[in-house]
Every structure is written in C-alpha cells, then in structure tokens.
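K.L.:
Residue numbers (the numbering used here): 327 to 507.
Next comes the structure, spelled out in structure tokens:
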C-alpha cells in the first residue's frame, strides 16, 4: 500500500486508483463533516461526492505544508458553504438578539439525536453553529466565510442554541443540555 504522500502525488497526476485510495481513506471522516452541515443524509452524500471532485481538481495546490487532513477538511467545508451561498440560503437577519444562551452541560443524549436536530436547524443557524462549535471558528472567521456581519454570526449562534435547547427539552422532558451547547 502506498503512503499518503505517494497517494497525494499520484492524485496530482490524476491517477484514478490513487484517487480511489484517497477517497476510501478520507470519505468516512469527511462524510461525518458533511452530515453536520447538511439538512439530511442524501444532501450530505451529494456534498461529499461534489467535495471530493473539488479535492481532486485542487489537489495540485496542496504543497505538503500542514496536515493533509486539515487541508481536505477545509476544502470540503468551503465547498459546502459555497453551495449555500450560491443558493442564497444565508439571508441576513436582525442583529438585536441577546448574547449566547447559557446552558447546563451534561452529556446524556445520543450524538445521533443531536445531529438529527442540528440538521433540522434553518441553514443559516446550522452553518454558524457547526462552524463555531465543531470547527472552533471565531465569529469574525464565520462572518468572513459566510459574507455576514460578526453580529449576525453571534445572533445566529444564539438562536441556534435556543432552538436546540427547546427541541431537547421537548423530546426528553429535561433541561439538561449536551456539552456542545
């Protein structure tokens, strides 16, 4: 089996077998990322496939500086965000919303349930929530990535947390929240 460096170099030469190996190595992890940013399983599959096509198209830009894992993740996330920008899902909303909701932390609900309710969030809330919570983007980075203001990013995150908290409370009857909230 080829090393990751060899696989990347072969992908730069458009070697189909190397592309297949790269896909097999990274698709599971990238799919979980796509799931976080998508409304459902089918949309996540579409984002994954299109994202990998973009990875193969841009792989010549990877210069072995920093981790390849980080590079491919960034390409996939940026691709998904671009799809939402292209479809005008990121409409601006008013910025007069209270600061982030304080929540009690306790890991007691399943990750599957949490991903399901995150996928149900409106696009603009889901994207900001995922970028902030899962990818550790600052509000400035989110604003730059999505073409919104920092205040809108904060507002969207706050609203996402309120919606998620309500869904958890309605479905579990408890006010305990998972650690990511």
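Idealized CB from N, CA, C, for every residue including glycine.
1. Are the CB atoms of residue 399 and residue 359 within a distance shorter than 9 Å?
2. Could you spell out where the alpha helix (DSSP H) holding residue 356 opens and where it closes?
3. Can you tell which of 344, 440, 406 and 466 has the C-alpha that lies nearest to the C-alpha of residue 363?
4. Just reading off the alpha helix (DSSP H) that residue 329 is part of, what are its end residues?
5. Taking 8 Å as the limit between beta carbons, can you name the residues of its chain near residue 409, skipping five residues before and five after?
6. Assuming residue 390 contacts residue 345 (C-beta within less than 8 Å), just tell me the rounded distance between them.
7. Please classify residue 454: is it buried, with 16 or more other beta-carbons within 10 angstroms of its beta-carbon, or exposed?
8. Does the distance from the CB of residue 366 to the CB of residue 466 come in under 9 Å?
9. Determine whether the beta carbon atoms of residue 468 and residue 481 lie at a separation below 9 Å.
10. Roughly how many angstroms lie between the CA atoms of residue 473 and residue 461, to the nearest whole one?
11. Please go through the same chain and pick out, in chain order, the residues whose beta-carbon is closer than 6 Å to the beta-carbon of residue 333, but skip the five residues on each side of it.
12. How would you write the range of the alpha helix (DSSP H) that residue 479 sits in, first residue to last?
13. Rounded to a whole number of angstroms, what is the C-alpha to C-alpha distance between residue 335 and residue 386?
14. Should residue 497 go down as buried or exposed, given a rule of 16 or more other Cβ atoms within 10 Å for buried?
P.N.:
Judging by the given coordinates:
1. yes
2. 342-363
3. 406
4. First-last for residue 329: undefined, no H or E at that position.
5. 373 and 376
6. With a Cβ gap of about 18 Å, residue 390 and residue 345 do not count as contacting.
7. buried
8. no
9. no
10. 17 Å
11. 344, 347 and 348
12. 476-498
13. One Cα belongs to residue 335, the other to residue 386, and the distance between them is close to 8 Å.
14. exposed
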